[in-house]
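>
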Amino acid sequence: MQYDVVIIGAGVSGAAIARELSRYQLAIAVVEKGSDVASGASKANSAIVHAGYDCDPGTFMARFNVQGNAMMASLCAELQVPYKPIGSMVLAFSPEDEVHLEKLYQQGIQNGVPDMSIQTGDWAREREPHLSPEVQSVLWAPSAAITCPYELTIALCENAAVNGVSILTDFEVRSLQRDKDAWQISAADGRKISASWVINAAGVYADCINALAGGAPFTICPRKGEYMLLDRKEGTVVSTVIFQPPTAMGKGVLVSPTVDGNVFAGPTALDMQDREDTSTTQSGMDALTRCARLSVPDLHLYNVITSFSGIRAVLKEKHDFLIERSGTVENFVNVAGICSPGLSSAPAIALYVRDLLRDGGLPLRERPDFSPHREHTKPFRHMNRKEKAEAIAHNPLYGRIICRCETVTEAEIVAAIHSPVPARSIDAIKRRTRAGMGRCQGGFCSPRVMEILARETGMDLQEVTKFGKGSWMVCGKIKEDGRNGEDQTHA
Ligand SMILES: Cc1cc2nc3c(=O)[nH]c(=O)nc-3n(C[C@H](O)[C@H](O)[C@H](O)COP(=O)(O)OP(=O)(O)OC[C@H]3O[C@@H](n4cnc5c(N)ncnc54)[C@H](O)[C@@H]3O)c2cc1C
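Numbering (the numbering used here), first residue to last: 34 to 524.
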């Protein structure tokens, strides 16, 4: 296949760029090494649309954070992705912290963050009654918000796909060669495509992709952040994003609601060698417990339902995003070092990359049939009684609850499997429907979800995976079909 633009990496950066470019008459592909989109940092982060006060003034981070924050509400509305403008507080426990708050405030002013103020601890406790009595003052930023990072990424990809972008999963780029006026791009499984332009949005592997293309070298250092997620029971303990003062390693541990009504604490910050190690550790959980209780002492940690981690792609050379047309290789754009606030910045990064391509000579003619809207049926759990009755009358599969914790129906799971970016694993279905995200973490619904996935795709049950190749759910049958009249049973 010959494309005008190939984007490597279907995280929120690649997805936002693809969706932005889908407005134009271009042949575009997004290639992703995972079995689903949102396989990297975009599936496991704090989900905060940051206000933008903690980025150094004059950096891409500051510029795109503030611009992206301003764009996010309307983007989420177009794509039907949850978005809650709940504001954020940075806490000060000591006079030294208060000096730091003032610095953040001044930075925010320089960066163009709207409506910030420094408030007393009592003001903060009136809004957030569970906040520590030790809090002396807070930096209040009402423009901060929360969203769902993987849903945003999936929605961007779905909207791009509906507007003609090819989303190629399980496509791990292994070689990039520039022949005359096109890039030849080869995948690990032997697939080959070509493109006039390549955009490198490969997250923690962006330095490796740049090296494959022969670009001037840079280094990405992986930095892990662990989280603990609490049950909805704890959902009312905080109603805004609660930060502690930032550290040299990042924005510090925060306690925040999620758009789905849970609460989480995290992230830790640990530099790693391994770019794939998303394990969680006892020491990480202990650190989170300590830090989270400094902010919210009566957080009930027995309500933790799961832990997870994400890997930040930190650029070694400078504390900023690296977004530029390569100076050494033709028609190659790096979108690298996209650590936090990359989620908040994604819509603005997409506009900047569009301009880089246009300035580099790519003709951008608008498509008359571009649709910015993503069709998405309201989740059953959010329907009122009348809507539920109508949904069931229209499609009886709405009457079958598969995930009891999150009230996810068979109709929604089937829809995810047949969506514009089809779900092909248990985790892909989970991220599209929330089946398995509740208190039992898939204990009850996973076998049913597996059966539905196998039935709808024609896969054998043994081919069903949790998140793609190598993550099979069953390893074989413990009894042969029909032997001695016994039922087929899977191990
Ligand atoms: C712990 C943590 C907390 C964070 N909190 C926030 C926050 O609250 N707010 C915020 O704004 N930002 C936050 N961020 C940052 C944000 O998550 C990232 O900036 C954003 O997700 C980066 O998106 P991306 O698309 O650049 O990278 P990724 O999401 O990592 O996507 C890169 C994709 O490239 C694919 N890929 C890699 N190599 C290849 C290859 N060879 N071939 C094909 N595909 C390949 C990967 O599989 C991956 O899917 C946080 C990050 C972390 C880790």
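Positions of the beta carbon are idealized from the N, C-alpha and C atoms, including for glycine.
What you are looking at is a predicted structure, and each value in this text was computed from that prediction instead of being measured.
So Gly317 and Gly294 are in contact, right, with Cβ under 8 Å, and what is the actual spacing, rounded?
As a position in the sequence shown, residue 317 is number 284, starting the count at 1. As a position in the sequence shown, residue 294 is number 261, starting the count at 1. Not a contact, Cβ separation roughly 24 Å.
> Pick from Leu245, Val270, Glu309: whose alpha carbon is nearest that of Lys257?
Locating residue 257 in the sequence shown gives position 224, counting from the first residue. It is Glu309.
> Is the distance from the Cβ of Pro162 to the Cβ of Ser75 below 7 Å?
The count along the sequence shown starts at 1 and reaches residue 162 at position 129. The count along the sequence shown starts at 1 and reaches residue 75 at position 42. Not in contact: Pro162 and Ser75 (Cβ atoms no closer than 7 Å).
> May I ask you to verify whether the segment 64 to 79 touches the segment 132 to 152, counting CB pairs closer than 8 Å and requiring at least 3?
No: fewer than three Cβ pairs fall under 8 Å.
> Let me know the alpha helix (DSSP H) ranges lying completely inside the segment 290 to 347, each 4 residues or longer, listed in chain order.
List check, alpha helix (DSSP H) in window: 315 to 328.
> For Ile275, which option in Ala461, Ala298, Thr186 has the closest C-alpha, if you only look at C-alpha atoms?
Mapped onto the sequence shown, residue 275 falls at position 242. Nearest C-alpha to Ile275: Ala298.
> Determine which residues share a DSSP beta bridge with Arg256 and list them.
Walking along the sequence shown from the start, residue 256 turns up at place 223. Paired residue(s): Asp304, Arg345.
> For the putative contact between Asp87 and Pro300, defined by C-beta atoms under 8 Å, what is the C-beta separation to the nearest angstrom?
The sequence position of residue 87 within the sequence shown is 54, counting from 1. The sequence position of residue 300 within the sequence shown is 267, counting from 1. The Cβ separation is near 15 Å, so there is no contact.
> Cβ of Ser373 within 6 Å of any heavy atom in ligand 1?
Taking the first residue of the sequence shown as position 1, residue 373 is located at position 340. True, at least one ligand heavy atom lies under 6 Å from that Cβ.
> Taking 6 Å as the cut-off, does the CB of Gly28 come closer than this to any heavy atom belonging to ligand 1?
Nothing can be reported for residue 28: it is not among the residues displayed for the chain, which extend from 34 to 524.
> With 16 other CB atoms within 10 Å as the buried threshold, where does Cys241 fall?
In the sequence shown, counting from the first residue as 1, residue 241 sits at position 208. Looking at its Cβ environment, which holds fewer than 16 other Cβ atoms inside 10 Å, Cys241 is exposed.
> Buried or exposed: Ile511, going by 16 or more other Cβ atoms within 10 Å of its Cβ?
Residue mapping note: residue 511 aligns to position 478 of the sequence shown, counting from 1. Classification for Ile511: exposed.
> Output needed for Ala325: all residues of its chain with C-beta closer than 7 Å, excluding positions within five of it in sequence on either side, in chain order.
On the sequence shown, residue 325 is found 292 positions in, with the first residue counted as 1. Cβ neighbours of Ala325 beyond the five flanking positions: Val286, Val288, Ala298, Leu332.
> Quick one, are the C-beta atoms of Ala246 and Leu209 less than 7 Å apart?
Residue 246 sits at position 213 when you count from the first residue of the sequence shown. Residue 209 sits at position 176 when you count from the first residue of the sequence shown. Yes, these two residues count as a Cβ contact at 7 Å.
> With distance defined between alpha-carbon atoms, name the residue in Ala77, Gly101, Ser79 nearest to Gly85.
Here residue 85 refers to the residue found at position 52 when the sequence shown is read from its first residue. The shortest C-alpha separation from Gly85 is found at Gly101.
> I need the straight-line Cα distance from Arg96 to Arg387, nearest angstrom please.
For the purposes of this step, residue 96 is taken as the residue at position 63 of the sequence shown. For the purposes of this step, residue 387 is taken as the residue at position 354 of the sequence shown. The straight-line gap from Cα to Cα measures roughly 16 Å.
> How would you write the range of the alpha helix (DSSP H) that Ala157 sits in, first residue to last?
Here residue 157 refers to the residue found at position 124 when the sequence shown is read from its first residue. First-last of the alpha helix (DSSP H) with Ala157: 154 to 160.
> Measure from the alpha carbon of Phe354 to the alpha carbon of each residue in Phe341, Arg345, Val368, then state which is nearest.
By one-based count along the sequence shown, residue 354 stands at place 321. Looking at the Cα atoms, Val368 is the closest of the given residues.
> CB of Tyr238 to nearest heavy atom of ligand 3: below 6 Å?
In terms of ligand content, the structure shown lacks ligand 3 and carries ligand 1 instead.
> His528: buried (16+ other C-beta within 10 angstroms of its C-beta) or exposed?
The structure shown does not extend to residue 528, since the chain is modelled only from 34 to 524, so the question has no answer here.
> Looking only at its chain, what residues have a beta carbon closer than 7 Å to the beta carbon of Val99, apart from the 5 residues adjacent to it on each side?
Sequence index remark: in the sequence shown, residue 99 carries index 66 (1-based). Within the same chain, Val99 has close Cβ partners Gly85, Asn144, Gly145, Val146.
> With a floor of 4 residues, list each alpha helix (DSSP H) that falls wholly inside the segment 415 to 459, ordered by position along the chain.
Runs of the alpha helix (DSSP H) inside the segment 415 to 459: 418 to 427, 443 to 450.
> Run through DSSP, which three-state label would Val82 get?
For the purposes of this step, residue 82 is taken as the residue at position 49 of the sequence shown. Here Val82 sits in strand by DSSP.
> For the segment 199 to 266, list the alpha helix (DSSP H) runs that are entirely contained and at least 4 residues long, ordered along the chain.
DSSP runs (the alpha helix (DSSP H)) wholly in the segment 199 to 266: 239 to 246.
> Determine the burial state of Lys284: buried for a count of at least 16 other Cβ atoms within 10 Å of its Cβ, exposed for fewer.
Here residue 284 refers to the residue found at position 251 of the sequence shown. It counts as buried.
> How long is the line joining the alpha carbons of Gly360 and Gly469, rounded to whole angstroms?
Translated into positions along the sequence shown, residue 360 becomes position 327. Translated into positions along the sequence shown, residue 469 becomes position 436. Approximately 46 Å between the Cα atoms of the pair.
> Could you give the distance in angstroms between the alpha-carbon of Asp392 and the alpha-carbon of Leu59?
Locating residue 392 in the sequence shown gives position 359, counting from the first residue. Locating residue 59 in the sequence shown gives position 26, counting from the first residue. Going from the Cα of Asp392 to the Cα of Leu59 covers about 16 Å.
> Once DSSP output is grouped into helix, strand and coil, what is the label at Gly42?
In the sequence shown, residue 42 corresponds to position 9, counting from 1. Reduced to three states, the DSSP call for Gly42 is coil.
> Taking the alpha carbon of Thr92 as the point to measure from, which residue in Met483, Pro455, Ile382 has its own alpha carbon closest?
Residue mapping note: residue 92 aligns to position 59 of the sequence shown, counting from 1. It is Ile382.
> Go ahead and label Asp460 buried or exposed: buried means 16 or more other beta carbons lie within 10 angstroms of its beta carbon, across all protein chains shown.
Counted from its first residue, the sequence shown places residue 460 at position 427. So Asp460 counts as buried.
> Classify Leu376 as helix, strand or coil using the three-state DSSP reduction.
Numbered from 1 along the sequence shown, position 343 holds the residue referred to as residue 376. Helix, per DSSP.
> Around the C-beta of Gly476, are 16 or more other C-beta atoms found within 10 angstroms, so that it is buried, or is it exposed?
In the sequence shown, counting from the first residue as 1, residue 476 sits at position 443. Gly476 comes out exposed.
> Tell me whether the beta-carbon of Thr186 lies closer than 7 Å to the beta-carbon of Ala48.
On the sequence shown, residue 186 is found 153 positions in, with the first residue counted as 1. On the sequence shown, residue 48 is found 15 positions in, with the first residue counted as 1. Yes. Within cutoff.
> Just confirm the distance between the C-beta atoms of Ser107 and Ala174, as a whole number of angstroms; I'd bet it's less than 8 Å.
Working through the sequence shown from its first residue, we reach residue 107 at position 74. Working through the sequence shown from its first residue, we reach residue 174 at position 141. No, Ser107 and Ala174 are not in contact; Cβ-Cβ is about 19 Å, not under 8 Å.
> If you reduce the DSSP assignment to three classes, tell me which class Met122 lands in.
What you label residue 122 is simply residue 89 of the sequence shown in a count that begins at 1. Met122: strand per DSSP, three-state reduction.
> When every heavy atom of ligand 1 is checked, does at least one fall within less than 6 Å of the C-beta of Glu65?
Residue 65 sits at position 32 when you count from the first residue of the sequence shown. Yes; taking the cut-off as 6 Å, the Cβ of Glu65 has a heavy atom of ligand 1 nearer than that.
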